[in-house]
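Just so it is clear: in the sequence shown, position 70 is 151 by the working numbering, and no numbers are missing.
Just so it is clear, CB atoms sit at the ideal spot from N, CA and C, and this is done for glycine as well.
I have placed the structure first, in the form of structure tokens, so that the comments after it can refer back to it.
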Amino acid sequence: MPDEIKPRSFRCELAAGVATITLARAERLNSLTFEVYGELREVLDAMNAHDEIRAVVMTGEGRAFCSGGDVEDIIGELFSRDMKGMLDFTRVTGALIASIRKLRRPVIAAVNGVAVGAGAVIALACDFRIASETAKFGFIFPQVGLCGADMGAAYLLPRVVGLAHASELLFLGDKIDAQEALRIGLVSKVVPQAECVATARALAERLASGPAFAHSMTKQMLESEHGMTLDQAIEAEAQAQAVCMMHPDFRAAFDAWKEKREIRFAGAPGAFIQAKR
């Protein structure tokens, strides 16, 4: 891992083009502290400058993905703050979600257990969610007297599960299990707990072996087109695709197809994709 990406409050490892972030406060269900919030954002922002990082996995140690803000480290301290202090904090939490969405790498959440509060929003902000059979999701803010729309949840969740499901989750704050999350489209796959991280890593390695420049463009367009009209989106995609056609990966794929061999995209860490005719 590059020198500037060496956090103190969680683990971050790089192998085969995949950076794996592991929240490592298992005894506290990987709850977030002020330090973790800040370091996560800094690490994610720094990753954009390192081409050797081609995909990211986020997970938690032990039986939880992330249980949200730590009751003692964060929640208790907030009661001593005035309105400005509260707003400073809520902007910090939202900035973490923005960093996940702005990272021009595919991000996979390996939801190995409980993901509630801020933990649920972090998983939501990732591009893919692989859930273990023991996973539970809960946007539990209303249960403690807070707005269900926190850290961008009301923006992201309807895009993933639709307005009706999002309204139910954000108004009621109920926890749902992995199978219900799969049914409504919150996760893409449910696997045994012991296979959760490995499944997410396998997906990340597949993405890492693919066209990194094109994946970066795909993430950018998915983010940018939300507020566009259809005509604007078609034009934006025309320009994006033309840029990708000028990248060496496009010619590499064509040459591999002609020669009936596997494709090696620029910078891919050893893995290949089979060219199909």
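To the nearest angstrom, how far is the alpha carbon of Gln-322 from that of Gln-224? 45 angstroms
Can you tell which of Gly-254, Ala-96, Lys-300 and Glu-214 has the C-alpha that lies nearest to the C-alpha of Ala-145? Nearest C-alpha to Ala-145 among Gly-254, Ala-96, Lys-300 and Glu-214: Glu-214.
What is the C-beta distance between Val-242 and Ile-221, in whole angstroms, given that I count them as a contact (C-beta under 8 angstroms)? Not really, about 16 angstroms apart at Cβ, beyond 8 angstroms.
If you reduce the DSSP assignment to three classes, tell me which class Ala-230 lands in. In the three-state scheme derived from DSSP, where H, G and I count as helix and E and B as strand, Ala-230 is classed as coil.
Comparing C-alpha positions only, which one of Arg-172, Leu-251 and Asp-169 sits nearest to Val-197? Leu-251
Chain-order list of residues whose beta-carbon lies under 6 angstroms from that of Ile-102 (same chain, five-residue window excluded): Cys-93 and Met-139
Gly-254 vs Gly-219 beta-carbon contact at 9 angstroms: Cβ distance < 9 angstroms, so Gly-254 and Gly-219 count as in contact.
Just to confirm my understanding: we take Ala-100, look at its own chain, exclude 5 residues before and 5 after, and list those with CB closer than 6 angstroms. What are they? Ile-134 and Val-137
Given a cut-off of 9 angstroms on the beta-carbon distance, is the pair Ala-281 and Phe-346 in contact? no
I'd like to know if the stretch 179-192 and the stretch 125-133 are in contact, where contact means that at least 3 CB-CB pairs between them fall below 8 angstroms. yes
Would you kindly work out how many angstroms separate the C-alpha atoms of Leu-205 and Ala-234, rounded to a whole number? Cα to Cα, Leu-205 sits roughly 8 angstroms from Ala-234.
Can you find a CB in chain C that lies within less than 9 angstroms of the CB of Phe-252? The chain labelled as chain C is not found in the depicted structure, where only one protein chain is given.
Alpha carbon to alpha carbon, how far is Ile-315 from Met-309? Computed Cα separation, rounded: 9 angstroms.
What is the rounded straight-line gap between the Cα of Leu-303 and the Cα of Gln-320? 14 angstroms
Cβ neighbour criterion (16 or more within 10 Å) applied to His-307: exposed
Per-residue burial, Asp-163 [other beta carbons within 10 Å of its own, 16 or more giving buried]: By the 10 Å Cβ count, Asp-163 comes out exposed.
What residue range is occupied by the uninterrupted beta strand (DSSP E) comprising Glu-142? Neither: Glu-142 is in no beta strand (DSSP E) and is coded neither H nor E.
Distance, Leu-238 Cα to His-246 Cα: 9 angstroms
Take the Cβ of Arg-240 as the centre, count every other Cβ of all protein chains shown within 10 Å, and call the residue buried at 16 or more, exposed below. exposed
Out of curiosity, what's the CA-to-CA distance linking Phe-115 and Ala-349? 35 angstroms
First and last residue of the uninterrupted beta strand (DSSP E) at Arg-92: 91-96
Tell me whether the beta-carbon of Val-202 lies closer than 9 angstroms to the beta-carbon of Met-232. yes
If you follow the beta strand (DSSP E) that Lys-217 is in, where does it begin and where does it stop? 217-219
Considering Ile-178, what are the terminal residues of the alpha helix (DSSP H) in which it resides? 164-183
Going by CA-CA distance only, name the one from Glu-286, Glu-318 and Ala-285 that's closest to Met-38. This structure gives no information on residue 38, because the portion of the chain shown stretches from 82 to 358.
At 4 residues or longer, what runs of the alpha helix (DSSP H) sit wholly inside the stretch 295-327? Listed in chain order, they are 311-326.
Of all the options Leu-288, Gly-200, Glu-261 and Asn-111, which has the alpha carbon lying nearest to the alpha carbon of Gly-143? Asn-111
Leu-250 in three-state terms, based on DSSP: For Leu-250, the three-state secondary structure derived from DSSP is helix.
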